[in-house]
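Asker: I have a structure I would like to understand better, so I am pasting it below and will then ask my questions one at a time.
In our numbering, the protein residues as written are 134 to 341.
This is the structure:
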């Protein structure tokens, strides 16, 4: 393989208390459940033959803990990075998903009707982060890290919304084909990066 190509294994964190309770988490912290930790151990076994050189995670506790479990046997330190966070959900963080959906029903219905390009910039309220903003900071992280660590194999633990944005950006599916929630816990993708070139090698466990 070209020594200038950096390989990223990008993983969603494990199940959290907030997921079980159906809470809008966004950038607020929520701990892994026992099931979430079990999911991480299982993926660690699946990826045990992958020789990671570095490990990064979102600075949110659910991602950081998942990353620690994934590389525990490899004894790799985990570097936390704010650019790997989930969408900020502003005032809605901590609210129930049911309440969020009910209050914002009109906006959510309009979202379905707008064009693919318009979906990138949609916000329920101004304090919520758009897909375009999330994609921008995540792609920036991948490019910067690939440049700094050319030829390395890197674990990145992030969030489902972030991964969905990257998949749409890379043309694996549209916003419509990849609905919110399409990335399951501890599912992953492999992306190879060289400069501005991104190649999506594998997508595991994402429904469309």
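Glycine residues also receive a C-beta, built at the ideal position from the N, C-alpha and C atoms. Computed from a predicted structure; not experimentally measured.
Taking only runs that begin and end inside the segment 159–201, name each unbroken beta strand (DSSP E) of 3 or more residues, in chain order.
Answerer: Those beta strand (DSSP E) runs which fall completely within the segment 159–201 and span 3+ residues are 187–191.
Asker: For residue 164, count neighbouring C-beta atoms within 10 Å of its own C-beta (all shown protein chains included) and say buried if the count is 16 or more, exposed if not.
Answerer: Looking up residue 164 in the chain shown gives position 31. The residue is exposed, with fewer than 16 neighbouring Cβ atoms inside 10 Å.
Asker: Please classify residue 152: is it buried, with 16 or more other beta-carbons within 10 angstroms of its beta-carbon, or exposed?
Answerer: Walking along the chain shown from the start, residue 152 turns up at place 19. So residue 152 ends up on the buried side.
Asker: Can you grab the Cα-Cα spacing for the pair residue 178 / residue 308, in whole Å?
Answerer: For the purposes of this step, residue 178 is taken as residue 45 along the chain shown, with counting starting at 1. For the purposes of this step, residue 308 is taken as residue 175 along the chain shown, with counting starting at 1. Cα-Cα distance, rounded: 32 angstroms.
Asker: Considering only the beta carbon of each residue, do residue 290 and residue 267 sit closer than 8 angstroms?
Answerer: Sequence index remark: in the chain shown, residue 290 carries index 157 (1-based). Sequence index remark: in the chain shown, residue 267 carries index 134 (1-based). No.
Asker: Counting C-beta neighbours from all protein chains within 10 Å, is the total for residue 245 16 or more, i.e. buried, or is it exposed?
Answerer: Counting from 1 along the chain shown, the entry for residue 245 is found at position 112. With fewer than 16 Cβ atoms within 10 Å of its Cβ, residue 245 is classed as exposed.
Asker: I'd like the ranges of any beta strand (DSSP E) spanning at least 3 consecutive residues and lying wholly in the segment 224–305.
Answerer: Taking only runs of at least 3 residues, the beta strand (DSSP E) segments lying wholly in the segment 224–305 are 286–291.
Asker: According to DSSP, is residue 214 helix, strand or coil?
Answerer: Position 81 of the chain shown, counted from the first residue, corresponds to residue 214. It is a strand residue.
Asker: Are the segment 263–277 and the segment 165–185 touching, with three or more C-beta to C-beta distances below 8 angstroms?
Answerer: At 8 angstroms Cβ cutoff, the stretches do not touch.
Asker: For residue 227, is the classification buried or exposed, using 16 other Cβ atoms within 10 angstroms of its Cβ as the cut-off for buried?
Answerer: As a first step, residue 227 is located in the chain shown; it is residue number 94 there, counting from the start. Residue 227 should be labelled exposed.
Asker: Using a threshold of 8 angstroms, state whether the C-beta atoms of residue 138 and residue 325 are closer than that.
Answerer: Numbered from its first residue, the chain shown carries residue 138 at position 5. Numbered from its first residue, the chain shown carries residue 325 at position 192. The answer is yes: Cβ separation under 8 angstroms.
Asker: Report the three-state DSSP secondary structure of residue 338 (helix, strand or coil).
Answerer: Within the chain shown, residue 338 is the residue found at index 205, counting from 1. Strand, per DSSP.
Asker: Check for me: the alpha helix (DSSP H) holding residue 153 runs from which residue to which?
Answerer: Walking along the chain shown from the start, residue 153 turns up at place 20. From DSSP, the alpha helix (DSSP H) with residue 153 extends over 150–153.
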